[in-house]
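This is the structure we're talking about:
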């Protein structure tokens, strides 16, 4: 996502339907989702939906009931379920209760031995929540284009339960998903995965899509409009070729055709630095939306209106959302507490792109712009668990990192690059995406994984051959930044790090002495060097994230 969600943190038991994650309820921890099948008819005239959600899951432990989530604005008409035996087990009506955004479902199928598989079908419908300020405040967006309906969903902060029943927690992805959408004839649906069929009957068009890899709930998206499909392809660094499709409004067909070249250029950049595009088995898709943007897996929402960036000659919105195909969709934080992995690394990819395309000066300009946005309200990677809204903004406004998961996260990557050097840093970046190089050749979803800050630390240490716990502890687990104390006594320059909680911080510092750049080791967090009468400048290129106000 590309901006802050202004909401309050709530516990899972008290949670409104408009937040995701938090502490996992026992009735949800008891099962692992294997597959979702969503079938939905969308009626633009009444702004209503009617559908069913089929969940196949596996018991982790016996439980009397399970819990799914669904926004209270939508009504549940029936729940079916049962154990999956050899072949297809019989599905019977199940009792259920609704409290707020929770659907409590009871069945003897949930009390069987660990490892048993079961299926639940939820039939539902109604008028879904309408987005007031998408994508920051999500839901359905009902707009018009070319005199016809233009519809999109967005639900990162609130969770997918805003429009379909699911286990609304970031720690559980289905291994695959099937999507069937029915819309009025004349509209074209663009959604996740690969289209496997389409038919028109009685003035309605139904299209079928298959997502062949694990997918996070909030990145499932429905888009419909009188789209024109622009089709291209890209040969991956993995050696295979995958389709690239841009769904544009008819009025923007020529702009879209010109923009396709930049889409392909961005893809090539990410493949060079982060490894193969992860969802080559389905497609890479971009779709014009009536909201700004979102990282929906294999169907990036694009609403930047081809405006580019005010400071640099590139489309920042597409580039940022594309970054999330690696840093959110391939590598997913299992808890919102580690959401900096999505946004911080994704944000850092933009100055890297500017450096490669326009040179080091553009990189430095972008880093300085982002430095002004670092706030230090709270640790970037706070102790879990967190809800989606509480990672952005808390009740008090002081214990959520907010925008720091973007800009401080990016600067942490920048500082790590200085510490390790380019060769080691870019190796770390690649291994963060694909820990095992053999995974880069796969297209079956086996490379998709959950991660957290501790895992990234372990990967960075292995790939670089250096101990980095001190670096992660200060930058990610603490809110305040380290301070670099500088004193000069005649020809002697003294440097000393003052880290929060007096933590060790042996971060090297660049010092310009008489026009000559020196890399000064800071063993024990301090150093002394003789500079004579030379003019001295400490950290002239701002290579290290630190508190510049002290």
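In the working numbering, the protein residues as written are 388 to 937. Ideal Cβ positions, reconstructed from N, Cα and C, are used throughout, including at glycine.
Residue state for residue 801 is assigned as helix, using DSSP reduced to three classes.
A straight-line Cα-Cα distance of about 42 Å links residue 787 and residue 627. Around the C-beta of residue 539, 16 or more other C-beta atoms lie within 10 Å, and the residue is accordingly described as buried. Listed in chain order, the non-local C-beta contacts of residue 855 below 7 Å within the same chain comprise 844, 847 and 848, local neighbours out to five positions each way being set aside. The three-state secondary structure of residue 591, taken from DSSP, is strand.
The Cβ atoms of residue 505 and residue 444 sit closer than 8 Å to each other. The DSSP-derived three-state label of residue 813 is helix. Under the Cβ criterion (8 Å, minimum of three pairs), the stretch 914-928 counts as touching the stretch 885-898. The DSSP assignment places no complete beta strand (DSSP E) segment of no fewer than 3 residues inside the stretch 729-775. Its chain contains 405 and 525 as the residues whose beta carbon lies nearer than 6 Å to that of residue 545, once the 5 sequence neighbours on both sides are disregarded; these appear in chain order.
Selection 728, 494 and 877 evaluated against residue 919 yields 877 as nearest (Cα-Cα). The continuous alpha helix (DSSP H) containing residue 640 extends over residues 640-661. Shown here, residue 699 sits in coil according to DSSP, grouped into three states, outside any helix or strand. Shown here for residue 567: same chain residues with a beta carbon closer than 6 Å to its own, the five before and five after excluded, namely 426 and 595 in chain order. Judged by their CB atoms, residue 532 and residue 431 are not nearer to each other than the 8 Å cut-off.
Boundaries of the alpha helix (DSSP H) around residue 861: 856-863.
Comparing alpha-carbon positions, the option among 634, 638, 671 and 836 lying closest to residue 720 turns out to be 836. CA-to-CA, the gap between residue 549 and residue 906 works out to about 52 Å. Sixteen is the threshold: when 16 or more other Cβ atoms of the shown chains lie within 10 Å of the Cβ of residue 677, as they do, the residue is buried.
Cα atoms of residue 592 and residue 570: separation of roughly 5 Å, rounded to the nearest angstrom. Of the other Cβ atoms in all chains shown, 16 or more fall within 10 Å of the Cβ of residue 776; this residue is therefore buried.
The alpha carbon of residue 909 has as its nearest neighbour, out of 903, 535, 564 and 880, the alpha carbon of 880. In this structure, residue 761 and residue 794 form a Cβ contact; the two beta carbons are roughly 5 Å apart against a cut-off of 8 Å. Annotation for residue 610: 538, 539, 540, 576, 577, 578, 634, 674, 676, 686 and 688 place their beta carbon closer than 8 Å to its own, counting only its chain and skipping 5 residues before and after.
Going by DSSP, residue 840 is part of the alpha helix (DSSP H) stretching over 840-851.
Scanning the stretch 447-531 for uninterrupted beta strand (DSSP E) segments of 3 residues or longer gives 452-456, 461-470, 483-486, 489-493 and 504-513, listed from N- to C-terminal end. Of the residues assessed, residue 554 falls on the buried side of the cut-off, its CB having 16 or more other CB atoms within 10 angstroms.
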